[in-house]
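Asker:
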Amino acid sequence: MAADQRPKADTLALRQRLISHLFSGSGRLTRTHAEMSKEATEAENAFRNNPKFQRLVTPSASCFATTCGVERQVGHCHPLVVQAAHEQNQVLNTNSRYLHDNIVDYAQRLSETLPEQLCVFYFLNSGSEANDLALRLARHYTGHQDVVVLDHAYHGHLSSLIDISPYKFRNLDGQKEWVHVAPLPDTYRGPYREDHPNPAMAYANEVKRVVSSAQEKGR
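Read in order, the letters of the sequence shown correspond to residues 54 to 272 in our numbering.
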């Protein structure tokens, strides 16, 4: 064990005394989550190293997130990402409101990979912020408040997103009348499984049913 590495029991005790147990909003990710995160002292590619230097496959990017959840795409501690962040932090670290070549260069390169009509970008700081903006844009465009979401979904940690996340709201204030939940298309444990002749269409029809039910209620 490294000299500055506390015993796991000590870290858990300090965490329970100093860190809110309800940081997830669901009230469930407490000790177990702390135990998992404590096991990750280093990471590279798709692997984490625990204090005993055992290599473990990262089970969920959301459990061991780095900046922008980048390990979802290129793994933990990719040398090019680390080097780029190091070089930029030596020069300037600020938000996107200031004029700078990098952000427009990146937007231009990104636009070249997308259809022509997708040519304006919003650069945000987190998935929660992005989903909140998407929700506001959709409501402004349609003029409606109601949303259809998948069961067990988690969209973020803002109040607007907890309201539309079954994973969250069932342990908090419950489902709002303007939130409509469709079954998760799970062919392993869901109502339509791999032995169904067309599970994709069956789950799509469930969404149609949810929408029709909402419309019948005047939503």
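Beta carbons: idealized from backbone N, C-alpha and C, even for Gly.
1) Could you check if ASP158 is buried or exposed, using at least 16 other CB atoms within 10 Å of its CB as the buried criterion?
2) Between the C-alpha atoms of SER181 and GLY209, what's the straight-line distance to the nearest angstrom?
3) Note the first and the last residue of the continuous alpha helix (DSSP H) segment covering HIS193.
4) Along the chain, where does the beta strand (DSSP E) that runs through VAL234 open and close?
5) Where GLY122 and HIS153 are concerned, what is the direct C-alpha to C-alpha distance, given to the nearest angstrom?
6) If I measure Cβ to Cβ from ASP185 and keep anything under 8 angstroms in the same chain, skipping five residues before and after, which residues do I get?
7) Would you check if the distance between the CB atom of LYS229 and the CB atom of ASP239 is smaller than 9 angstroms?
8) Exposed or buried, which one is GLU165 when buried takes at least 16 other CB atoms within 10 Å?
9) With respect to the beta strand (DSSP E) encompassing VAL201, which residues constitute its N-terminal and C-terminal limits?
10) Is there contact here, the region 219-233 with the region 254-272, by at least three beta-carbon pairs under 8 angstroms?
11) Quick one: residues in its chain with C-beta nearer than 7 angstroms to the C-beta of GLU11, no 5 flanking neighbours on either side, listed in chain order?
12) Looking at the secondary structure, which residues open and close the alpha helix (DSSP H) in which LYS61 lies?
Answerer: The short version:
1) Locating residue 158 in the sequence shown gives position 105, counting from the first residue. Its Cβ having fewer than 16 others within 10 Å, ASP158 is exposed.
2) As a first step, residue 181 is located in the sequence shown; it is residue number 128 there, counting from the start. As a first step, residue 209 is located in the sequence shown; it is residue number 156 there, counting from the start. Their backbone Cα atoms lie some 4 angstroms apart in a straight line.
3) Here residue 193 refers to the residue found at position 140 of the sequence shown. Segment 180-195, the alpha helix (DSSP H) holding HIS193.
4) To locate residue 234, count along the sequence shown from 1; it is residue 181. Start and end: 232-235.
5) As a working note, residue 122 is residue 69 in the sequence shown. As a working note, residue 153 is residue 100 in the sequence shown. Confidence is the limiting factor: at GLY122 the pLDDT is only 46, short of 50, which leaves the residue's position unreliable and the question unanswerable from this model.
6) Taking the first residue of the sequence shown as position 1, residue 185 is located at position 132. Excluding sequence neighbours, ASP185 sits near GLY209, LEU211, SER213, LEU214.
7) Reading the sequence shown from its first residue, position 176 is the one you call residue 229. Reading the sequence shown from its first residue, position 186 is the one you call residue 239. No, these two residues do not count as a Cβ contact at 9 angstroms.
8) Within the sequence shown, the letter at position 112 stands for residue 165. That one is exposed.
9) Your numbering for residue 201 matches position 148 in the sequence shown. Looking at the DSSP string, the run of the beta strand (DSSP E) that includes VAL201 is 200-203.
10) Contact holds: three or more Cβ-Cβ distances are below 8 angstroms.
11) Absent from the structure is residue 11, since the part of the chain shown begins at 54 and ends at 272.
12) Taking the first residue of the sequence shown as 1, we reach residue 61 at position 8. Per DSSP, LYS61 belongs to the alpha helix (DSSP H) from 61-71.
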